[in-house]
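The structure appears below as structure tokens.
Protein chains: 2
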Amino acid sequence: MNPVILLGEAQLRELVPLDLAAIDQVEAAFVALATEAVAMPPILRLDLPAQRGEVDVKTAWLPRFDSFAIKVSPGFFDNPSLGLPSLNGLMLVLSAKTGLTEAVLLDNGYLTSVRTAAAGAVAARTLARAATPHVAILGAGEQARLQLQALTLVRRIERVSVWARRREEAERFAADVSACFDLRCDVAADPHRALADADLAVTTTPSTTPLIDAADLHPGLHITAMGSDAEHKNEIAPAALAAVRYIADRVQQTRVLGELHHAIEAGVVRADASFAELGQVIARQRLGRERDTDITLCDLTGTGAQDTAIATFALARARAAQAGTFFINDAKTPG
Amino acid sequence: MNPVILLGEAQLRELVPLDLAAIDQVEAAFVALATEAVAMPPILRLDLPAQRGEVDVKTAWLPRFDSFAIKVSPGFFDNPSLGLPSLNGLMLVLSAKTGLTEAVLLDNGYLTSVRTAAAGAVAARTLARAATPHVAILGAGEQARLQLQALTLVRRIERVSVWARRREEAERFAADVSACFDLRCDVAADPHRALADADLAVTTTPSTTPLIDAADLHPGLHITAMGSDAEHKNEIAPAALAAVRYIADRVQQTRVLGELHHAIEAGVVRADASFAELGQVIARQRLGRERDTDITLCDLTGTGAQDTAIATFALARARAAQAGTFFINDAKTPG
Chain F
11 MNPVILLGEA
21 QLRELVPLDL
31 AAIDQVEAAF
41 VALATEAVAM
51 PPILRLDLPA
61 QRGEVDVKTA
71 WLPRFDSFAI
81 KVSPGFFDNP
91 SLGLPSLNGL
101 MLVLSAKTGL
111 TEAVLLDNGY
121 LTSVRTAAAG
131 AVAARTLARA
141 ATPHVAILGA
151 GEQARLQLQA
161 LTLVRRIERV
171 SVWARRREEA
181 ERFAADVSAC
191 FDLRCDVAAD
201 PHRALADADL
211 AVTTTPSTTP
221 LIDAADLHPG
231 LHITAMGSDA
241 EHKNEIAPAA
251 LAAVRYIADR
261 VQQTRVLGEL
271 HHAIEAGVVR
281 ADASFAELGQ
291 VIARQRLGRE
301 RDTDITLCDL
311 TGTGAQDTAI
321 ATFALARARA
331 AQAGTFFIND
341 AKTPG
Chain S
11 MNPVILLGEA
21 QLRELVPLDL
31 AAIDQVEAAF
41 VALATEAVAM
51 PPILRLDLPA
61 QRGEVDVKTA
71 WLPRFDSFAI
81 KVSPGFFDNP
91 SLGLPSLNGL
101 MLVLSAKTGL
111 TEAVLLDNGY
121 LTSVRTAAAG
131 AVAARTLARA
141 ATPHVAILGA
151 GEQARLQLQA
161 LTLVRRIERV
171 SVWARRREEA
181 ERFAADVSAC
191 FDLRCDVAAD
201 PHRALADADL
211 AVTTTPSTTP
221 LIDAADLHPG
231 LHITAMGSDA
241 EHKNEIAPAA
251 LAAVRYIADR
261 VQQTRVLGEL
271 HHAIEAGVVR
281 ADASFAELGQ
291 VIARQRLGRE
301 RDTDITLCDL
311 TGTGAQDTAI
321 ATFALARARA
331 AQAGTFFIND
341 AKTPG
């Protein structure tokens, strides 16, 4: 049997930086999801309420890739009190031909961060106006930084407004952004002021009550909502969702987990309405933005297709660089 | 962060033989499943029809164990033509307190074989008569051998009848059994003759049409049906199932994947009837066998709880033996 390749977080950070190649790889996954006979079962979710823990397992097979990923994403929200990060996890890469394990990517969630930020860039590239000088970011965590970084790779940004529930985090974010990206970054007093004259907004919070109302919408705005990946999370008010051109990463997921779910529940959007997916818009099967004055919203819940795309990308780079530790796994003990 | 422990198939075969300790560990999982606030989500299943491939992912959290397993079981049925086994896979062990990855058990499906055989022994110990000298085995693959081996650990067996679709495989099985277990083993011409005066029968085939009919039942018989773990598989005729005392490993699974599913579909068993689970019988919450003349049937579809039980057992043994390879996974490259 072939050896299993093991890669740790440090190696994966070197091999797979957030760059245009990663964004193009994730875009390819969205196109495949919309146009090919992809197999992507519903997310497996294990809840451990006593530990404030949860684990998501995602997978997808895409005909264009020789391998597929199975991703395990634990979130244990008491970890910070133990000096550990809340989110971690790993990806397994299996051969799509034989099912044999090709690689174990012990990325502690890093590749998920990259593919999630890359999806934000794909959404902006596909749906935002060509000129989006002013970006609003809601939330000030790691993914807020990465979303902004990904945007700078696909759009010329001149100014950032950031809002976060804890003002000191927004201030730290603003200082970081000014230093790292040479961009003016202001802290907004509330989400509404952050959005007031933004061209593009990205929501990256775990909020369970809407942050963006219908009153915050204005012609030309594009919103990428990436915070909601579970039933109880909600960043966009149902009335706002009903007023925009809505595009999902995967409708069968956003109906259950995303912003769409809340709008359907509130009765402002019909449950049986047909919604476009990001990959369909890229593949020109469905309409995205038609006019500069359109208001677009992309609802990202995270797909196994993105995981397969980024994991196969990481494995190919590791092989090219001859990186990683090989684990020979024979049934018989040697000798 | 703590290092991740890697164990390969050869090491796991040495650390976790099929023995009474493994059987007791799996029994504990069934008791927990019946009596504790276990979290066991439905199986995640990915189908790759073009490759004749399928992948099951199972998991369960049991309060009594400090860790939980996530098991990945691929089955790629064209693999033998490539000189590779159809079944392989691995188990991940995560901390139930922090979600951090503790171990990667690259067992190629070995631990699944052990926990499945152990479940057969638990079913026999719980439901079969005390004296079961004559055992019928349907199927002659690896799991048929392991089921018989597990039975010899909990019951005194004097004689075996084996049937398999391919007679030459049954003959090889019979020769192996005679040699390894010092037992008389006869090849039966059909399943009915194999069962004719058996005390205990184990079905281990991937059959999609029933092998055991109502006419094969006789007072005192216990049947363990472990072949059906998918919607289309079926070893027990609905009329036979309706005529026995039926016990499931997990009713919510057997209603969908197991023998019960076919009996409900055929209309011989009411879909809303209440069925006992193996763990409930062990914990004396539900009745199993009451009389020597009862006919009992245990429907095993395989549970994530068994995977968590065997994986935590393997990890504890590896730690005690200081076995395994340590993988230090820091975010920063050293130096």
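Protein chains in written order, with the numbering used here: chain F, 11 to 345; chain S, 11 to 345.
Note that the Cβ used here is the ideal one computed from N, Cα and C, for glycine as well.
Computed from a predicted structure; not experimentally measured.
Asked                                                                                                                               : Found
CA nearest to the CA of alanine 180 of chain S, picked from S/Val197, S/Val164, S/Ala286                                            : S/Val197
Beta carbon proximity, glycine 345 of chain F to chain S, threshold 7 Å                                                             : Only weak support exists for where glycine 345 of chain F lies, its pLDDT of 36 falling under 50; the value from the coordinates is given anyway. Cβ-Cβ to chain S under 7 Å: no for glycine 345 of chain F.
Local conformation of glutamate 300 of chain F per DSSP, three classes                                                              : coil
Short CB-CB distance (under 7 Å) between glycine 237 of chain S and chain F                                                         : no
Beta-carbon proximity list for leucine 310 of chain F, same chain, < 6 Å, skipping 5 on both sides                                  : Ala129, Met236, Asp259
Contact residues within the region 56 to 81 of chain S, judged by C-beta distance below 7 Å to chain F                              : Leu56, Asp57, Leu58, Gln61, Gly63, Val65, Val67, Thr69, Trp71, Ile80
Residue range of the alpha helix (DSSP H) that includes aspartate 317 of chain S                                                    : 314 to 330
CB-CB length for alanine 106 of chain F against phenylalanine 87 of chain F, believed under 8 Å                                     : At roughly 34 Å, the Cβ-Cβ gap does not stay under 8 Å, so alanine 106 of chain F and phenylalanine 87 of chain F are not in contact.
For valine 65 of chain F, the first and last residue of its enclosing beta strand (DSSP E)                                          : 63 to 70
Isoleucine 257 of chain F in three-state terms, based on DSSP                                                                       : strand
Cα-Cα separation between glutamate 37 of chain F and valine 132 of chain F, rounded to whole angstroms                              : 6 Å
Assigned exposure category for alanine 47 of chain F - 16 Cβ within 10 Å defines buried                                             : exposed
Endpoints, the alpha helix (DSSP H) within which serine 217 of chain S is located                                                   : Neither: serine 217 of chain S is in no alpha helix (DSSP H) and is coded neither H nor E.
Ranges of the alpha helix (DSSP H) found wholly within the region 153 to 217 of chain S, counting only runs of at least 4           : 177 to 191, 201 to 205
Local Cβ density within 10 Å of asparagine 244 of chain F, reported as buried at 16 or more and exposed below that                  : buried
Within chain F, partners of phenylalanine 337 of chain S - CB distance below 8 Å                                                    : Leu16, Gly18, Leu116, Thr335
At least 3 beta-carbon pairs within less than 8 Å: the region 263 to 281 of chain F vs the region 319 to 334 of chain F             : no
Cβ-based burial, threonine 126 of chain F [other Cβ within 10 Å; buried from 16]                                                    : buried
Residues, ordered as in the chain, of the region 92 to 116 of chain F that lie near chain S by beta-carbon distance below 8 Å       : Leu92, Leu94, Asn98, Gly99, Leu100, Leu102, Leu104, Ala106, Lys107, Thr108, Gly109, Leu110, Thr111, Val114, Leu116
Beta-carbon spacing of aspartate 239 of chain F, lysine 81 of chain F below 7 Å                                                     : no
Alpha-carbon to alpha-carbon, threonine 306 of chain F and alanine 225 of chain F                                                   : 15 Å
Contact check, arginine 299 of chain F vs leucine 54 of chain F, beta carbons under 7 Å                                             : no
Through-space distance from alanine 249 of chain S to glutamate 269 of chain S, alpha-carbon basis                                  : 11 Å
Rounded distance between the beta-carbons of alanine 146 of chain F and alanine 189 of chain F, thought under 8 Å                   : About 20 Å; that fails the 8 Å criterion.
Residues of the region 20 to 54 of chain F whose Cβ lies closer than 9 Å to any Cβ of chain S, in chain order                       : Ala20, Gln21, Arg23, Glu24, Ala47, Ala49, Met50, Pro51, Pro52, Ile53, Leu54
Nonlocal neighbours in the same chain, by C-beta distance under 6 Å from leucine 116 of chain S, ignoring five residues either side : Gly18, Leu100
Neighbouring residues, chain S, relative to asparagine 89 of chain F (Cβ below 8 Å)                                                 : Thr108, Gly109
Beta-carbon spacing of alanine 134 of chain F, alanine 150 of chain F below 7 Å                                                     : no
Whole-angstrom distance between alanine 32 of chain F and valine 26 of chain F, CA atom to CA atom                                  : 7 Å
Boundaries of the alpha helix (DSSP H) in which leucine 288 of chain F is found, first to last residue                              : 288 to 292
Contact set between the region 207 to 235 of chain F and chain S, restricted to residues whose Cβ is under 7 Å from the partner     : none
Chain F residues whose Cβ lies nearer than 9 Å to that of phenylalanine 86 of chain S                                               : Ser105, Lys107, Thr108, Gly109, Leu110
7 Å Cβ cutoff, glutamine 332 of chain F in contact with chain S                                                                     : no
Cross-strand partners of threonine 234 of chain F (DSSP beta bridge)                                                                : F/Val212, F/Cys308
Whether aspartate 200 of chain S touches threonine 142 of chain S by CB criterion (7 Å)                                             : no
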